[in-house]
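Colleague: Here it is: the structure, laid out below.
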Amino acid sequence: MHNMKIRVRTAPSPTGHLHIGNAQSALYNWLFARKNGGEFHLRIEDTDKVRSTKEYERSILYALEWLGLNWDGEVVRQSQRGIKHRKALEQLIMEGKAFWCNHTKEELEAERKKQEAKKEPPRHICSHRHNTMHYPASSTQRIKDWTLRLALDQNSERKIVFDDIIRGQIEFSVRLLGDFSIARSLDNALYNFAVVVDDSDMEITHVIRGEDHISNTPKQILIYEALGKTPPQFAHLPLILASDRSKLSKRHGGTAVVDYKKDYLPEAIVNFLGGLSYTFSKDILTKEEMIDEFELSKVHKSGAVFDLKKLNWINSQYIKKLSPEKFKKALQQATGRLDDILDAAVPLITERLEKLSDVENFSYLWKEPKYNEKLLKWKKSNFNTSLDILAEVEKIIDDFDFEKGKDELRKVLDEFSGKVGDRGLVYWPLRVALTGKDKSPDPIDIAYVLKKEETLKRVKFALGKIW
Numbered sequence: 071m072h073n074m075k076i077r078v079r080t081a082p083s084p085t086g087h088l089h090i091g092n093a094q095s096a097l098y099n100w101l102f103a104r105k106n107g108g109e110f111h112l113r114i115e116d117t118d119k120v121r122s123t124k125e126y127e128r129s130i131l132y133a134l135e136w137l138g139l140n141w142d143g144e145v146v147r148q149s150q151r152g153i154k155h156r157k158a159l160e161q162l163i164m165e166g167k168a169f170w171c172n173h174t175k176e177e178l179e180a181e182r183k184k185q186e187a188k189k190e191p192p193r194h195i196c197s198h199r200h201n202t203m204h205y206p207a208s209s210t211q212r213i214k215d216w217t218l219r220l221a222l223d224q225n226s227e228r229k230i231v232f233d234d235i236i237r238g239q240i241e242f243s244v245r246l247l248g249d250f251s252i253a254r255s256l257d258n259a260l261y262n263f264a265v266v267v268d269d270s271d272m273e274i275t276h277v278i279r280g281e282d283h284i285s286n287t288p289k290q291i292l293i294y295e296a297l298g299k300t301p302p303q304f305a306h307l308p309l310i311l312a313s314d315r316s317k318l319s320k321r322h323g324g325t326a327v328v329d330y331k332k333d334y335l336p337e338a339i340v341n342f343l344g345g346l347s348y349t350f351s352k353d354i355l356t357k358e359e360m361i362d363e364f365e366l367s368k369v370h371k372s373g374a375v376f377d378l379k380k381l382n383w384i385n386s387q388y389i390k391k392l393s394p395e396k397f398k399k400a401l402q403q404a405t406g407r408l409d410d411i412l413d414a415a416v417p418l419i420t421e422r423l424e425k426l427s428d429v430e431n432f433s434y435l436w437k438e439p440k441y442n443e444k445l446l447k448w449k450k451s452n453f454n455t456s457l458d459i460l461a462e463v464e465k466i467i468d469d470f471d472f473e474k475g476k477d478e479l480r481k482v483l484d485e486f487s488g489k490v491g492d493r494g495l496v497y498w499p500l501r502v503a504l505t506g507k508d509k510s511p512d513p514i515d516i517a518y519v520l521k522k523e524e525t526l527k528r529v530k531f532a533l534g535k536i537w
């Protein structure tokens with residue numbers, strides 16, 4: 071194993087969009103592969119014919135591409151590997167390592183209830199193990215309740231022990247697993263069996279996945295052994311938790327990667343997911359820096375809370391770094407909005423923006439604002455005072471040469487503020503006239519984005535609302 075080239079995989083099911091937890095798992099697989107000169111593969115587990123769709127598959131591929139998690143080689147589709155699964159099932163049957171069981175659902179439920187009453191772990195101990203008369207010759211002869219099970223020694227004292235790269239040594243007792251099922255028919259292998267065959271054929275050396283798969287691991291190890299294959303190394307990632315520390319789910323809001331596209335840059339999502347369950351040297355870092363620092367054994371064991379405020383802050387740091395051209399391109403990709411934002415307006419927006427969709431809060435920078443004239447009145451002042459002062463501000467701006475720069479205009483307005491005895495009396499109605507809002511960037515900065523003509527136009531409009 072140590073001399074083999076590292077090969078990892080992410081294996082989402084196209085029964086929905088790529089979940090944020092699966093995205094983190096894919097990221098850690100990708101980081102591990104890139105750090106160690108290995109390969110990162112993508113397998114689509116689409117054997118659920120009822121719920122799997124091509125639309126979801128395309129969404130998954132797009133999400134991984136959007137995040138920049140490029141995979142190696144062709145996409146493997148589990149649904150196209152039925153022959154491989156069937157041959158492996160037939161091998162176990164021929165070797166006497168698997169047998170057919172046709173206990174009904176009612177019988178299995180009765181068995182479970184008896185075990186529950188005795189406070190025993192739920193497991194099926196099958197009496198059909200040696201009854202070859204019940205063996206269906208082919209899948210076409212399959213009766214409703216037939217199930218293929220792996221034959222285990224129910225009296226075994228053996229413990230399955232594996233060294234989880236993240237969690238250390240984990241062990242399970244074989245006799246507590248029961249004769250677990252591996253297929254519904256020769257053409258319908260169940261999850262644990264199909265995963266083992268696929269990972270083995272793909273020569274996967276490390277299986278890095280969520281901790282909810284820990285209970286599957288001993289079963290998969292037994293299947294590897296039955297097939298005469300060497301198990302990969304396992305590493306189980308902590309779950310991503312909601313604010314109430316329950317497993318993140320749809321009831322907590324958006325959990326699919328596509329839900330975040332309209333608000334967040336892909337680099338921010340990757341940075342955030344990477345730092346959720348790993349302590350990097352700093353909060354903001356590139357994927358290349360993440361690769362350099364990443365050590366699988368240092369991934370946290372406990373679940374991390376999905377902190378939306380932290381994600382918004384990280385996103386804001388990336389937005390601030392965008393040039394006007396890249397910012398407008400990102401907006402177009404995220405929200406589909408047309409490119410009608412002036413380059414001069416971009417720094418005012420990016421300095422304050424957390425989510426891309428909130429750009430409309432700054433729409434006054436490219437279209438005339440709408441507001442109630444009552445907003446023009448400064449605190450305990452009255453409309454007559456606001457009118458007189460705003461009229462004077464109009465004259466100052468009209469007479470001022472914008473070529474002198476923002477600092478000089480601010481100096482002139484500050485001098486006027488000193489005369490009226492209150493800076494708010496000058497800047498408040500000007501801010502509202504230009505933006506229609508009670509909070510905004512410095513109105514002088516806004517005036518220089520709008521230019522002199524548009525600034526005067528908006529001040530005149532505001533005066534008209536008061537008169």
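So the sequence shown is residues 71 to 537, counted in this note's numbering. Note that the Cβ used here is the ideal one computed from N, Cα and C, for glycine as well.
From Leu-292 to Leu-426, what does the alpha carbon distance come to, in whole angstroms?
Modeller: 49 Å
Colleague: If we require 4 or more residues per run, which alpha helix (DSSP H) segments fall completely within the stretch 262-347?
Modeller: 287-296, 336-346
Colleague: So, is Pro-288 buried or exposed, given that buried needs 16 or more other C-beta atoms within 10 angstroms?
Modeller: buried
Colleague: Tell me whether Ile-240 sits in a helix, a strand or coil according to DSSP, three-state version.
Modeller: strand
Colleague: Count the other C-beta atoms from every protein chain shown that fall within 10 angstroms of the C-beta of Ile-278, then say buried if there are 16 or more, exposed otherwise.
Modeller: buried
Colleague: Once you ignore the five residues that flank Ile-130 on each side, which residues in its own chain have a CB closer than 8 Å to its CB?
Modeller: Pro-82, Pro-84, His-87, Leu-88, Ile-114
Colleague: Could you check how far apart the C-beta atoms of His-307 and Ser-95 are, in whole angstroms? I think they sit under 8 Å.
Modeller: Note that residue 307 is Leu in the sequence shown here, rather than His. The pair is a contact, with the Cβ atoms about 6 Å apart (cut-off 8 Å).
Colleague: Count the CB pairs spanning the stretch 261-268 and the stretch 293-302 that are closer than 8 Å, and state whether there are at least three.
Modeller: yes
Colleague: Nearest CA to the CA of Lys-509: which residue from Trp-448, Gly-108, Phe-470?
Modeller: Lys-509 has its Cα closest to that of Trp-448, out of Trp-448, Gly-108, Phe-470.
Colleague: Are the beta-carbon atoms belonging to Val-78 and Ile-274 less than 8 Å from one another?
Modeller: yes
Colleague: Within the continuous alpha helix (DSSP H) that includes Arg-493, where are the two ends?
Modeller: 493-505
Colleague: For Gln-588, count neighbouring Cβ atoms within 10 angstroms of its own Cβ and tell me buried if that reaches 16, exposed if not.
Modeller: Nothing can be reported for residue 588: it is not among the residues displayed for the chain, which extend from 71 to 537.
Colleague: In this structure, what does DSSP give as the bridge partners for Asp-233?
Modeller: Partner(s): Gln-239.
Colleague: Hey, is Phe-250 close to the ligand COA, as in C-beta under 7 Å from one of its heavy atoms?
Modeller: With respect to small molecules bound, the structure shown includes none, and the ligand COA cannot be examined in it.
Colleague: Roughly how many angstroms lie between the CA atoms of Tyr-518 and Ser-316, to the nearest whole one?
Modeller: Using only the alpha carbons, I get a separation of about 49 Å.
Colleague: Is Gln-150 buried or exposed, if buried means 16 or more other CB atoms sit within 10 Å of its CB?
Modeller: exposed
Colleague: In terms of residue numbering, what span does the beta strand (DSSP E) encompassing Thr-174 cover?
Modeller: Where Thr-174 is concerned, there is no enclosing beta strand (DSSP E), given that its DSSP letter is neither H nor E.
Colleague: Using a Cβ-Cβ cut-off of 8 Å (strictly less than) and excluding sequence neighbours within five positions of Met-203, which residues of its own chain qualify?
Modeller: Reliability fails at Met-203, whose pLDDT of 44 lies under 50, so the model's placement of it is uncertain and the value that follows must be treated cautiously. For Met-203, where only same-chain residues beyond five positions count, there are no Cβ hits under 8 Å.
Colleague: Applying the criterion that 16 or more other CB atoms from any shown protein chain within 10 Å of the CB defines a buried residue, is Phe-54 buried or exposed?
Modeller: Residue 54 cannot be examined here, being either before or after the span of the chain that is shown, 71 to 537.
Colleague: Among Phe-531, Lys-379, Gly-345, which has the Cα closest to the Cα of Glu-363?
Modeller: Gly-345
Colleague: With the cut-off set at 8 Å, would you say Ala-374 and Ser-347 are in Cβ contact?
Modeller: yes
Colleague: Output yes or no for whether 8 Å exceeds the beta carbon distance between Glu-424 and Asn-385.
Modeller: yes
Colleague: With distances taken from CA atoms, which of Glu-281, Glu-337, Leu-162, Leu-178 is nearest Met-360?
Modeller: Of Glu-281, Glu-337, Leu-162, Leu-178, the residue nearest in Cα terms is Glu-337.
Colleague: Keeping to the same chain, check which residues put their C-beta closer than 8 Å to that of Gly-494; ignore five residues upstream and five downstream.
Modeller: Trp-448, Lys-449
Colleague: Name the DSSP bridge partner or partners of Leu-24?
Modeller: Nothing about residue 24 can be read from this structure; the chain reaches only from 71 to 537.
Colleague: May I have the straight-line CA-CA distance separating Thr-210 from Cys-171, to the nearest angstrom?
Modeller: At Thr-210, the pLDDT of 48 sits below 50, so the modelled position is not reliable and the matter cannot be decided from this model.
Colleague: In the DSSP assignment, the beta strand (DSSP E) including Ala-253 goes from what residue to what residue?
Modeller: 251-255
Colleague: Among residues of its own chain, excluding the 5 on either side of Arg-528, which ones have a beta-carbon nearer than 6 Å to its beta-carbon?
Modeller: Ala-503, Leu-504
Colleague: Which residues mark the beginning and the end of the alpha helix (DSSP H) in which Leu-247 is found?
Modeller: Leu-247: not part of any alpha helix (DSSP H); DSSP gives it neither H nor E.
Colleague: Name the DSSP beta bridge partners of Val-369, please?
Modeller: Looking at the DSSP assignment, Val-369 forms no beta bridge with any residue, so it has no partner.
Colleague: Note down the Cα distance separating Leu-159 from Gly-238, rounded to an integer number of angstroms.
Modeller: Taking the CA atoms as reference points, Leu-159 sits about 32 Å from Gly-238.
Colleague: What is the DSSP secondary structure of His-155, reduced to helix, strand or coil?
Modeller: helix
Colleague: Less than 8 Å between the C-beta atoms of Leu-435 and Ala-415, yes or no?
Modeller: yes
Colleague: Which residue comes first and which comes last in the beta strand (DSSP E) that contains Arg-219?
Modeller: 217-220
Colleague: Checking 8 Å against the spacing of the C-beta atoms, do Phe-169 and Ala-221 come in under that value?
Modeller: Their beta carbons are under 8 Å apart, which means Phe-169 touches Ala-221 by this criterion.
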